[in-house]
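Each remark here refers to the structure printed beneath this line.
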Amino acid sequence: MRELTKLTIAEAGRRMAKGEFTAVELTRAHIAAMGAKKGLNAYITETPELALEQAKAADLRRQAGAVGALSGIPLGIKDLFCTKGVQTTAASRILEGFTPHYESTVSGKLLAAGAVTLGKLNLDEFAMGSSNMTSAYGAVENPWRSQADPGTALVPGGSSGGSAAAVAARIAMGATGTDTGGSIRQPAAFCGIVGIKPTYGRCSRWGIVAFASSLDQAGPMARTVEDCALMLNAMAGHDPKDSTSAPVAVPDFAAALTGDIRGLKVGIPAEYRPDGLSAEVAKVWQQGIAWLKDAGATPVEISLPHTKDALPTYYIVAPAEASSNLARYDGVRFGLRVPGTSLDDMYRKTRAAGFGKEVRRRILIGTYVLSAGYYDAYYAKAQKVRRLIADDFATAFETVDVILTPTAPTPAFAIGANTDDPVTMWLNDVFTIPTSLAGLPGLSLPAGLSADGLPLGLQLIGRPFDEETVFRVAGVMERAAGFAALPEGV
Amino acid sequence: MAYLIAGETGDWEVVIGLEVHAQVISKAKLFSGAATDFGAEPNDQVSFVDAGFPGMLPVINRVCVEQAVKTGLGLQAAINPTSVFARKNYFYADLPQGYQISQYELPIIGNGVLLIDMNDGTTRPIGIERLHLEQDAGKSMHDQHPTKSFIDLNRSGVALMEIVSKPDLRSPEEAGAYLTKLRSILRYLGTCDGNMQEGSMRCDANVSVRPPGSTELRTRCEIKNVNSIRFVQQAIEYEARRHIEVYESGGTIAQETRLFDSGKGITRSMRSKEHAHDYRYFPDPDLLPLVLDPAMVERIRLTLPELPDEKKERFMRDYALNAYDAGVLVAEQSSASFFETVAKGRDAKAAANLVMGDFFAALNASGKTIDDPPVSAANLGKLLDLTADGTLSGRLAKDVFALMVETGKAPDVLVEERGLKQVTDTGAIEAAIDAVMAANPDKVAEVRSGKDKLLGWFVGQVMKQTQGKANPGVVNDLLAKKMQG
Amino acid sequence: MSLDKATVRSIAELARIEVAEDELDHLAGELSNILTFVEQLAQVDTEGVAPMTSVVAMSLPMREDAVTDGHQAEAVLANAPEAQDGFFTVPKVVE
Ligand SMILES: [Mg+2]
Ligand SMILES: [Zn+2]
């Protein structure tokens, strides 16, 4: 049974179609593996009974000849997606006990495609973090360990840290993630898996707990490029319930994996080579360029001059939107309430007890930058720079088809590190944030190992709504990289 | 003629701007599919969007946008091709999202104008600053429990048009005229029912005072949510006098929000709004800019009804009515069309007198509405016809009208049934005159010696003899002849 | 920009988050560092650049005016920490 958890989604689907095993067997294997990997703290809420019910239903449908694209595939759902009848926490105390009466569009689409949901995955509180250390439900451990220091637990990255850890540890075949500034791509890189943040507007935001509305985007995390393509096929699509959802047709992303990238121009941005870039990361990036060249693509030096402005821009825009989005957590209609002597006192106490330090910090910064007298200097300024950043990409895409960069400046670090100064922690997202600000698709795939044996990721960035090219190039790189290393105990 | 308030140190001018929140007539809410009906069970008309649940997103209702455009056109206002929804952030128990989705820098409707009709028949243009779309908040009830407030979110998310006037109003009377006219236009357009009791039209008044002739704008106070036109006028007058008193005793006015206590007729500071507001407006990232299709605006323009000002002008022109009468008749679309049915093919002045006189009096007394009138327009028209062709005298017509109200019957039926036809038969009238003259020889002599004034007395006596049915014209003619002869 | 305690106190009040008096200094330091970091944007030339509020190149979609939601008071109230007689309840507000 244990071997079933090592299959890819595509392979499991093919073998279930042949009748080699059932969805129930596949689900049981995962439930058993989840039990063995509890120490990772990847799940906040496990739903084995629900998963088995869904698996049974998938098997029955298969017998009846009605098979969804992800029929019987056990997945994990980031606990930022509202799930009908299943507690949804956003990894925050303030949502304690909250059970939605509705299903997010994206998780609903996965269910409609026949997927089995194993539970709700841990994350940074309200998706604010790059380490999964801000979760009210405790840190998640990266299943990988450094060969130099195997006794120290590492972060899985964040905010979709539970998703990345679960997929890497083979306790979910795939998982949903959300990415606001790198929250799919950076943990995918840290855990040696594939993750894609699609174009803003590709997946509906309806039913996903909002962090920064103009940046938030759902996406798949899985162990192969093809699996991500299969999942994204099911997750994407126009949703009239989300005004920012794009009325754009969803192509068959898996069909884009032709293996042929001859003649493609791949942009290599000079600005993604900052002083602090680790030599190992720089090396794997060079390796990636070489693979693409070998496959017949042409690397092109490009310039994205406002790259260095992306981080400060993001740390104005995202907290500003968050300060407003998180105002609804007030102890009145759902979640935590701490009694107070007056309405305002109740608000203050509830929100002080319900939000962790990072969330509080971002709400306060966001409140400040929007407040009277500061709006123009901070928020309006950031919105202007955001346009310059987006324009940089638009200019680049006049000459190149896709852009290749490292995903993160370093491999995974130890749990507890980088916590003194929030700004240092934020540097983890320096390569992913520009893409988020521009709303472009970005995919991270494992490209190699550090000297300590930790996964390193490369990022491919595409034109708006051209995930197909991103997948096509990623497929070629995946084959070239032949990334076969496994984390501890898998 | 300007309205000034006399203070200790001299006269003061009052400067008033009004902000009206008008509930848009639509089936569903501005950003959710929940219903808008008044009076539902608590929290029954609430979607998870209206309750600010995690992950819920707004999607705008097309009809609410169209209603705002229609209202803008009715106010001769600029329709902004692109407008932006912004979040107004503040915490309150009945504001579930922690922000109100409103419009700030770029409203859907820009500058417009509204003509107010004064009692002396004159009009004055009042500037409209803007109209923007926004969502309503829920309702807090503070009197249900000793230590708790109760929250009902049925209103949460209902579409409102906030219509902001320029500070052009100068008296409580003008403020009243503005609200009356605005309500009239909204009802004509069918964009708001204007019901202030049910809260579908609510008014905030910004009031300040200054010496006459000055152009300064002094600190204003905002009086919130006054729920009748009369109360708005009372609140303005009270607030203006309060400002004058403060200034004249050397004090200063603090900009603040105040509440009108209609029981005491005073305004007082709102304690709950005491601490400084900083709404942190920013464009709502859940919504994109609202871009209006010019073809849609033109389509809406074609559906505009004849509005009160045009109708009034036409009534003055076509029916030769004075401004006041025309103004009264066009205030409500239904009274205007009632009048037009009565006046069609008849003497318009007589029709206007009948409608605005006896008919409006009867309408008021009956407590009915013009849509279910005590006397139908068709029957009123017939009554006018019976007067015009001499069947009824003015007096008889009044009696017949009273019977029409009482019985609901048509005037011709009543005339027939009760034999109320005016007598024009000269023989019968002559006989009556002869009888009166014979009984009063001394008065006849007085008339004949030049006391013309007594003729009226004779007319009255003859009418009495004929139970009022004699045609007064014929009586006059015959009487004059007989007195001579 | 370096924030003082009073400013942090007033931001926290605007955001309705209680902050203990002895935490204010530390928090002011943290927030000041963040502001110092983001203020590097002041160096960017944004002359004539329009603010970008959305990356989506389309205008606002509209829905039809139909009642499609509501009539679920029980579900709306189901997660409430406190409710009574069909209402959410909060500490009494004095107006
Ligand atoms: Mg206002
Ligand atoms: Zn308003």
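For the record, the sequence lines run as chains A, B and C. If you read the first sequence in my numbering, its first letter stands for residue 1, the second for the next number, and so on. If you read the second sequence in my numbering, its first letter stands for residue 1001, the second for the next number, and so on. If you read the third sequence in my numbering, its first letter stands for residue 2001, the second for the next number, and so on. For glycine and all other residues, C-beta sits at the position ideal for the given N, C-alpha and C.
query: Min CB distance T307(A) to chain C below 7 Å; result: no
query: Neighbourhood of R223(A) by C-beta distance below 7 Å, restricted to the same chain and skipping five residues each side; result: T8, V167, I193 and V194
query: Three-state secondary structure assigned by DSSP to F81(A); result: strand
query: Cα-Cα separation, Q2084(C) to F1150(B); result: 8 Å
query: Range of the contiguous beta strand (DSSP E) that encloses A1137(B); result: Premise fails: A1137(B) is in no beta strand (DSSP E) and is neither H nor E.
query: Supposed close pair D1284(B), A1086(B) - CB separation, criterion 8 Å; result: 6 Å
query: Separation of Q63(A) from R14(A), as counted between CA atoms; result: 15 Å
query: Proximity test, E1134(B) beta-carbon vs ligand 2 heavy atom, cut-off 6 Å; result: yes
query: Outcome for Q186(A) when other beta-carbon atoms lying within 10 angstroms are tallied against a minimum of 16; result: buried
query: Pairwise C-alpha distance: K1166(B) and Q1103(B); result: 18 Å
query: Below-7 Å beta-carbon distance, A2080(C) vs any chain B residue; result: no
query: Closer than 6 Å: E1162(B) CB and nearest ligand 2 heavy atom; result: yes
query: Any chain A beta carbon closer than 7 Å to A2015(C); result: yes
query: Proximal chain C residues relative to K1027(B), where beta-carbon distance stays under 9 Å; result: D2065, A2066 and V2067
query: Short CB-CB distance (under 7 Å) between I1016(B) and chain A; result: no
query: R387(A) - containing alpha helix (DSSP H), residue span; result: K381 to A396
query: Three-pair Cβ contact test at 8 Å for the region 1101-1118 of chain B versus the region 1130-1149 of chain B; result: yes
query: Whole-Å CB distance - T449(A) paired with P441(A), under 8 Å assumed; result: Going by the sequence as given, residue 449(A) is Leu instead of Thr. Not a contact, Cβ separation roughly 26 Å.
query: Cross-strand partners of M221(A) (DSSP beta bridge); result: A175(A) and G195(A)
query: Candidates I73(A), A17(A), Y43(A) and V67(A), of which the one nearest A29(A) by Cα; result: I73(A)
query: Any C-beta of chain A under 7 Å from that of G1098(B); result: yes
query: Buried versus exposed, by CB contacts within 10 Å (16 or more), H306(A); result: buried
query: Pair within 7 Å by beta-carbon distance, M346(A) and S130(A); result: no
query: C-beta contact flag for K120(A) and Y102(A) at 7 Å; result: no
query: Buried/exposed call for M1(A), threshold 16 Cβ in 10 Å; result: Because the pLDDT at M1(A) is just 47, under 50, the model does not fix this residue reliably, and the value given afterwards should be weighed accordingly. Exposed, because fewer than 16 other Cβ atoms sit within 10 Å of the Cβ of M1(A).
query: Partners in chain C for K349(A), counting only beta-carbon separations shorter than 7 Å; result: E2018
query: Check whether G1157(B) and S1337(B) have beta carbons under 7 Å apart; result: no
query: Neighbourhood of P136(A) by C-beta, 8 Å cutoff - its chain only, sequence neighbours within 5 removed; result: Note that residue 136(A) is Ala in the sequence shown, not Pro. T89, A91, S92, R93, E125 and G356, listed in sequence order.
query: Distance CB(S160(A))-CB(K37(A)) smaller than 7 Å; result: no
query: Pick from V1014(B), P1081(B) and S1376(B) that is closest to E1216(B), judged by C-alpha positions; result: V1014(B)
query: E1274(B) - DSSP class collapsed to helix/strand/coil; result: Bear in mind that the predicted position of E1274(B) carries a pLDDT of just 47, short of 50, making it unreliable; the figure below should be weighed with that in mind. If DSSP states are grouped into helix, strand and coil, E1274(B) belongs with coil.
query: Selected residue, minimal CA-CA separation from A2028(C), among A2078(C), K2092(C) and S2002(C); result: S2002(C)
query: Buried versus exposed call for N1080(B) [16 or more other C-beta atoms within 10 Å across all chains shown]; result: buried
query: Cβ-Cβ separation, V317(A) to R386(A) (assumed contact under 8 Å), whole Å; result: 6 Å
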